[in-house]
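Keeping their order, the protein sequence lines are chains A and B.
Note that our numbering has the first sequence beginning at 126, numbered continuously upward.
Note that our numbering has the second sequence beginning at 67, numbered continuously upward.
Just so you know, even glycine gets a beta-carbon here, dropped at the ideal spot from N, CA and C.
Notes follow once the structure below has been shown.
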Amino acid sequence: MAECHPVGFQWVTEAKQRGARVIHVDPRFTRTSAVADRHIPLRAGSDIVLLGALINYVLTHGLWFKEYVRAYTNAATIISEDYQDPEDLNGLFSGYNPEDGSYDKSSWSYQAAGNKKKVGEPGAESEGDAAEPHEFGAGGPPLSHSNVIRDESLQDPRCVFQLLKRHYERYTPEMVERTCGISADDFAYLAESVTQNSGRERTTAFTYAVGWTQHAQGAQFIRTAAILQLLLGNMGRPGGGIIALRGHATIQGSTDIPTLFNLLPGYLPMPEAGQHDTLDEYLDTIRSKKQKGFWTNADAYTVSLLKAWWGDAAKKDNNFAYDYLPKLTGAHGTYQTVERMLRDELDGYFLIGQNPAVGSANGKMQRMGMSRLKWLVVRDFSLIESATWWKDGPEIESGELRSEDIETEVFFMPAANHTEKAGSFTQTQRLVQWRHQAVTPPDDAQSELHFFHELGKRIRERLADSQDWRDRPLLDLTWDYPTDEHGEPEAEAVLAEINGFHVTGPDKGEPLSTFNDMRSDGSTAGGCWIYTGIYAERVNQAARRKPGQEQDETAAEWAWAWPANRRLLYNRASADPQGRPWSERKKYVWWDAEQQRWTGKDVPDFPVDRAPDARPDPDAGGPEALAGDDPFIMQADGKGWLFAPHGMVDGPMPTHYEPPESPIDNPLYGQQSNPSRIRFPREDNLLAPSALQPGSEIYPHVFTTYRLTEHHTAGGMSRFLPYLAELQPEMFCEVSPEFAEEIGLEAYGWATIISPRSAIEARVFVTERMTSLTIAGRRVHQVGLPYHWGVGSEAVVEGDAANDLLGLSLDPNVHIQGSKAAQCAVRPGRRPRGPDLLRLVEDLRHQAGLTVETGNARLTVPWNASEGQPKGKKS
Amino acid sequence: MEWPVFRQLRSRDSSGRGAAVTSKKTRETTPRTDAADTVVQSICPYCAVGCGQKIYAKDNRVIHIEGDPDSPISRGRLCPKGAASEQLVNSVGRQTKVLYRAPRARDWEALSLDRAIDMIADRLLEARKKHWEDTDQHGKPVRRTMGFASLGGATIDNEENYLIKKLFSAAGAVQIENQARI
Ligand code: SF4
């Protein structure tokens, strides 16, 4: 955090000065480790073993926060009798389909009250569609109703609590030592620190940078931490939580108002062909009117969005122009798109402040893909490598591409920067902050707002006379925004549309104040329901700047946080079931019995007048069904999910699998890697064999990638700036003294790092910051690689790109690539130039006997087809 | 009498490290920010901490960027990236003119902004049409185009992402992605 979010780290420092203990778990020693109470290095990719062992520690030592867990989580909920655990199935859950790697999740369901039926999801279930969880939106998946069976004693062997206990039984300190390389002493220190700092009086927070997501089961890493935090009562309370430290100024905003294939604004799913063919089908799949919580109003959010986009053309009798939305057929993520480029199926590509030639995994696939496009538009400040690969990229040097053969037209469109336009960024804790414009952009530079508005205008002009129904969505689009004298649309007018407004009635044209104002009858419009309120009373709330020093620690009048300016989500959980603060020290939001209202230091994240003892009919559905002790108001049963009956495609509880390339056998199960991961078995994406399989000795070392304070991701905003380039001028690899000695690497000399995809060179930094670990009895060396450099000739500093080494395997939940743990070979000296480089990579592939099948088997346990489950088990 | 010792006595600078020893140059030096004719509150464009910035400009040119002490997040601090952000505006390496690379060309050529947008609009419509799909393989309506894609969004504004998603979705494009997937 000190390394990549330095100014945010000042608060950790403050906390430490007040007595907080700071523990840094990371393969490398960073500026955070330097000031932490203890740095605990682990083997990249072994996180679930460590976190699972913490869960096991909490459960076996009875250290869970009893009142919190009983009241606020689904610990007591009974799961279907058909559920089988990886303990029974050698690493798989029940319902696995070896054909496509998907799970039929019906056996993970809650047992329904009153009969033997399960609490299924209301709509059809997609078959093996890996994009599924995001398609449920932020609220997670729906339940058909919230009338579930609970065993409050937590003794029933089929209740979540007992299933959890059994699931993590073998995640012991010994297993941690063997798998993660963490000593028993370090583990005990960590476990004691975390548990002693949780409870009524204290809370523990987990912070992670998004490297945690970049694993073939990254989403499950984070879920493991979520389970632990729920058990310790650290969710929805001040100083608790799991804090995602995101890497870009508004990567949060670009998820909320998403430029993502599977989402519409406000985490509404993009419709999928065959499942969401009509508006009713769509709405039925994302919410059941009988479940609890605020997702039941998804119809109002959806219709308001359609009204915002298509105005008068969105009418009741055409289902509010729902048909205008394009439909998905499976995953259309960035890596699937690159595959389509390589098959010559994509003509054009817009890059908007993004440098995939350097920043995306398997850089060669990215660049080769771009060379097959008809046209490419790059919008950026400088001539980044994604704009120049056709003249000075690595494939030009190696001879794989020749400029005069590349047909791609490239448009470089200069972008306005943050000082040259007004608009809002959403930072990592959902705070939307407005930037005022300081100057106008120079020369041809334009904001995205200006460029895309203009592009839209010209496209619409060209189609103005069209009678084709396919063009109606473009022609009916609401696209008139007020502009300034330079033609720049007013960003605040767009913000007002995002906020939403009344379409009819006495308040016609006035902004909505909260998303509760949204209606499903077409009387309201609004572009992103979770942002409603940001323009309440025609005031740009994101531009509020009451100085921090004049406010309390919540600083509620600095900018605006979604939803409803809430600074801490699920803050009902900061009070006990009766509505009293858990302790004076951790007082945050509580029930004021006199006023009959929730009150406190923040906007209560709960129906404000719902008394703690309220017990509405669970079948009532929606917010009305929330009991007074259901703090997780976006979940279908109002509870925090220790066990996720739906929503995760690869298991209801996180289970350790080895990364697709790993130095060891999975010590826990016969199943080696995530059986649901998304694979790309291709000649240009070969994987190294894992563990002790033949050929694995060719790529014996683990490498991981990361950032440095002085650079920013693929370097587009840092390697082109003289100040920053001077601070970190050269690509390097970090290696331990032991490893350097073993293979003869010279400090400040060169090393060549070779993976099955490519080979790069880097300066050698011999340092104890990298730790060699003993894993499963073997010495495992880890190589650390910053990924900021790329090959080109325009930046102030250039260097080989670490991402070129990475292969593609994606997390099945979120389609993010595993890029934090992979295997490589390391040799002293510089890499060969030209075609010799390709020969070196090919030689090693040959020696290791790689084929497209290597490392790509979904199942590594024998399958018993007649029983529909794996044979035998490993214990 | 400009002897140093007198100056020291006169200005009560007994250690001789203060006013008594300032040079003319130092006395004439003023903060860059004094020359600014506008200052606006902004936000750092790098990581998601969201530090506050104050942007000083003169004659429509950014002359200085510093941390905003009012921000409850950053309390006036900036890290090396935020502190370097003035160079995002004024660095010589910045490319402010449209460039065009024709098929098989070995170098860039100049192109007007207006013409570039026209060419992009034409190409987008052509790709959209060529790769249009009314239905999927099961005959279910998809009403979309697979002809073009976009990547990016984590460094631009919410309002900008909103317009991009809105326009591209209306055009039938579904392959719209950003850094959050990476
Ligand atoms: S100044 Fe540094 S820590 Fe603050 S937002 Fe910018 S990059 Fe992040």
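Glutamine 107/B has a beta carbon lying within less than 8 Å of a beta carbon in chain A.
The CB of glutamate 532/A comes closer than 9 Å to the CB of Pro169, Arg170 in chain B, given here in chain order. The beta carbon of leucine 969/A lies closer than 7 Å to those of Ile823, Ile879, Ala950 in the same chain, with the five residues before and after it left out. Restricting attention to Pro152/A, Ala178/A, Val174/A, Thr157/A, the CA atom closest to the CA of leucine 167/A is found in Pro152/A. Shown here, arginine 291/A sits in a helix according to DSSP, grouped into three states. Under a criterion of Cβ atoms nearer than 7 Å, the residues of chain A adjacent to arginine 247/B are, in order, Leu385, Gly458, Thr459, His940, Ile941.
Taking C-alpha positions only, leucine 849/A is separated from tryptophan 136/A by approximately 25 Å. Distances between the C-beta of histidine 130/A and the heavy atoms of the ligand SF4 include at least one below 7 Å. Contact between the region 847 to 867 of chain A and the region 174 to 186 of chain B is absent, with fewer than three C-beta pairs closer than 8 Å. His204, Lys206, Pro207, Val208, Arg209, Arg210, Thr211, Met212, Gly213, Phe214, Ala215, Ser216, Leu217, Gly218, Gly219, Ala220, Thr221, Ile222, Asp223, Asn224, Glu225, Glu226, Asn227: these are the residues of the region 204 to 227 of chain B whose beta carbon lies less than 9 Å from some beta carbon of chain A, given in chain order. Not one heavy atom of the ligand SF4 lies closer than 7 Å to the C-beta of glycine 840/A. Glutamine 592/A has a beta carbon lying at 8 Å or more from every beta carbon in chain B. Contact between isoleucine 531/A and arginine 189/B does not hold, since the beta-carbon distance rounds to 17 Å and is not under 8 Å.
If you check the CB distance, isoleucine 382/A and phenylalanine 331/A do not come in under 8 Å.
Taking 7 Å as the cut-off, one finds at least one heavy atom of the ligand SF4 near enough to the beta carbon of glycine 148/B. Under the three-state reduction of DSSP output, tryptophan 687/A falls in the coil class, being neither helix nor strand. Shown here, proline 298/A sits in a helix according to DSSP, grouped into three states.
Between the alpha carbons of aspartate 505/A and alanine 482/A lies a distance of about 14 Å.
Per DSSP, the unbroken beta strand (DSSP E) holding lysine 124/B starts and ends at 118 to 124. Of all residues in the region 320 to 341 of chain A, none places a beta-carbon less than 7 Å from a beta-carbon of chain B.
For glutamate 294/A, no Cβ of chain B is located within less than 8 Å of the residue's own Cβ.
Residue pairing of cysteine 284/A in beta bridges, as defined by DSSP: Ile203/A. Here DSSP, grouped into helix, strand and coil, assigns tryptophan 434/A to helix. For aspartate 173/B, the neighbours in chain A by C-beta distance under 8 Å run, in chain order, Lys516. Among the CB atoms of chain A, one or more fall inside 8 Å of the CB of serine 157/B. In terms of CA proximity to glutamate 613/A, Val564/A leads the group Val564/A, Arg644/A, Thr657/A. For the region 128 to 147 of chain A, residues whose beta-carbon sits nearer than 7 Å to a beta-carbon of chain B comprise Cys129, His130, Pro131, Val132, Gly133, Gln135.
With respect to glycine 391/A, isoleucine 659/A sits apart: the two C-beta atoms are not nearer than 8 Å. According to DSSP, residue pairing for phenylalanine 537/A in a beta bridge involves Val503/A, Leu165/B. Just so you know, the alpha carbons of glutamine 342/A and leucine 179/B end up roughly 44 Å apart.
Counting only runs that start and end inside the region 73 to 114 of chain B, the beta strand (DSSP E) elements of at least 3 residues fall at 104 to 109. Annotated three-state conformation of glutamine 321/A is helix, per DSSP. Under the Cβ criterion of 8 Å, proline 97/B is not counted among the residues facing chain A. Valine 115/B has its CB nearer than 7 Å to a heavy atom of the ligand SF4.
In the structure shown, lysine 417/A falls within a strand segment according to DSSP collapsed to helix, strand and coil. Near chain A, meaning a CB-to-CB distance below 8 Å, the residues of the region 188 to 199 of chain B are Asp188, Arg189, Leu190, Leu191, Glu192, Ala193, Lys196, His197, Trp198.
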